[in-house]
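A short worksheet on the structure shown next.
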Amino acid sequence: MKVPFYGHQRQYTGMKAEIDANLQAVLESGQYVQGPMLKRFEAELASYVGAKYAIGVGNGTDALWLAFMALGLDAGDEVITNANTFFATAEAIWIAGATAVLVDCDPLTKCLDPAAVRRAVTRRTKAIVPVHLYGQCAPMRDIRKIADEFGLFVIEDNAQAFDARGDDFAIGELSDVVCTSFIIQKNLGTFGDGGALWTNLAYVNDKVRKLRNHGSSKRDVHSFGFNSRLDDLHAGVLSAKLRHIRAWSDRRIAIAARYTAGLQDCAFLDLPHVRPGYRHVFHLYVVETKNPADRNRFLDYLVAQGVDAKTHYSVAIHQQEGFPWGKDARLAGPLVHAEKNAASCISLPMFPELTDAEVDYTIQVVKAWPQHSAGTKA
Ligand SMILES: Cc1ncc(COP(=O)(O)O)c(C=O)c1O
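Here this note's numbering is used: the first residue of the sequence shown is 1067, the next is one more, and so on.
Okay, structure coming up:
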């Protein structure tokens, strides 16, 4: 059996009529940039996430740096974030001209460790960017407390956790801005690139709307800005998909529960940890080999058996060659958990259209791995 890592075509096939109808509506409207479909999707998104304003932009990376710029972050300002995240989180801090301060993660959830954040705060710190890694919210109450104590902005990097929530908090409830990515492989993804921000702050909404459109809110009148808009065709795809996101998240959660039950006795692996009461939407189902030396051999074995596994992310930000390339960066404290995660992570196939038979085959292949290192038992 072959188990793919992504199910983009399956998803499209399953809802072809809805997507095609929206695309056709855009094509026939004659309005493709900042047109009615974008306005409709922004309104639907704001209502779904419970925010006053939602703004579609070109991609998730732009969403982050547009948020930083709208909040006034500048050269010399420090922004604390995960050392273990997709590269774009740190990249966006540098694009905004600020200093990325990389801190360690919690060893169980891989989300920001609030104690490490607190230790990293200096007089230059202006913001914290918790990443809701793999689909689980960072501990936002602890992070908000630190932000309040030191007067910091909080910008959530929600590229991986659309439709997640904490135990007693919703995404966006405890921050200034939420940023997300709609690249195809995300839980809510378009056929290409896209992104969005949402916020309750009117000045951030106004600023980002101008920044994304060459600094303009009125024809021929500009201030400094960029071009980063969500095209109406993508908005049409996302509008159709938004109606399914709750069911898709539930299916991801069910697949994760099946993996976790099936792999419970697999002593050479650590399985994902869900904080009690959190809605972890499993953008990725990431296991770790207890012995990092096993990882690459295990990955090769899975692929050879037809299970398309991947790594997210095998190189932490500060371990990238040439880091920090003349950009401003600071490592705050030891990054042992982030480094262990990079050395031992493996993502098993995870998407809503995955069948139970494919999940069971994957479990069977994982459990049958004969070559795990001595000192761990199968
Ligand atoms: C955690 C995280 N932040 C930011 C991004 C950047 O999003 P994009 O690729 O849409 O620029 C991604 C994904 O790509 C991501 O996973």
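Note that CB positions come from ideal geometry on N, CA and C, so glycine has one too.
Item	Value
Proximity to His1310 [Cα-Cα], best of Ala1156, Pro1418, Tyr1351 and Asp1297	Pro1418
Gly1101 beta carbon near ligand 1 (any heavy atom closer than 8 Å)	no
Secondary structure of Asn1271, DSSP reduced to three states	helix
Backbone secondary structure at Tyr1427 - three-state DSSP	helix
Straight-line Cα distance separating Trp1435 from Tyr1367	8 Å
Reduced DSSP secondary structure (H/G/I, E/B, other) of Glu1144	strand
Closer than 6 Å: residues whose CB approaches a heavy atom of ligand 1	Asn1125, Gly1126, Thr1127, Thr1151, Phe1152, Ala1154, Thr1155, Val1197, Asp1223, Ala1225, Gln1226, Ser1247, Ile1249, Asp1259 and Gly1261
Extent of the continuous alpha helix (DSSP H) run through Thr1265	Note, Thr1265: premise wrong, no alpha helix (DSSP H); beta strand (DSSP E) at Gly1261 to Thr1265.
Beta-carbon proximity of His1193 to Leu1218, cut-off 9 Å	The residue asked about is misnamed: residue 1193 is Ala in this sequence, not His. Yes, these two residues count as a Cβ contact at 9 Å.
Spatial distance of Asp1179 from Gly1399 (CA atoms)	12 Å
Selection from Lys1211, Ala1154, Gln1251 and Asp1272 that minimises the alpha carbon distance to Phe1228	Gln1251
Integer-rounded CB distance, given that Ser1289 should sit under 8 Å from Leu1278	Going by the sequence as given, residue 1278 is Arg instead of Leu. Between Ser1289 and Arg1278 the Cβ distance is about 13 Å, and since that is not below 8 Å, they are no contact.
Start and end residues, alpha helix (DSSP H) containing Glu1215	Met1206 to Phe1216
Rounded separation between Lys1082 and Lys1307 - CA only	11 Å
C-alpha distance - Gln1077 paired with Lys1376, whole-angstrom precision	20 Å
Contact under 9 Å by Cβ, Arg1318 with Val1425	no
For Val1340 and Tyr1427, the rounded distance between their alpha carbons	24 Å
Beta carbon of Lys1347 nearer than 9 Å to that of Leu1329	The sequence shown places Val at residue 1347, rather than the Lys named in the question. For Val1347 and Leu1329, no; Cβs fall outside 9 Å.
As assigned by DSSP and simplified to three states, the class of Glu1239	coil
N- and C-terminal bounds of the alpha helix (DSSP H) containing Thr1326	Ile1311 to Leu1329
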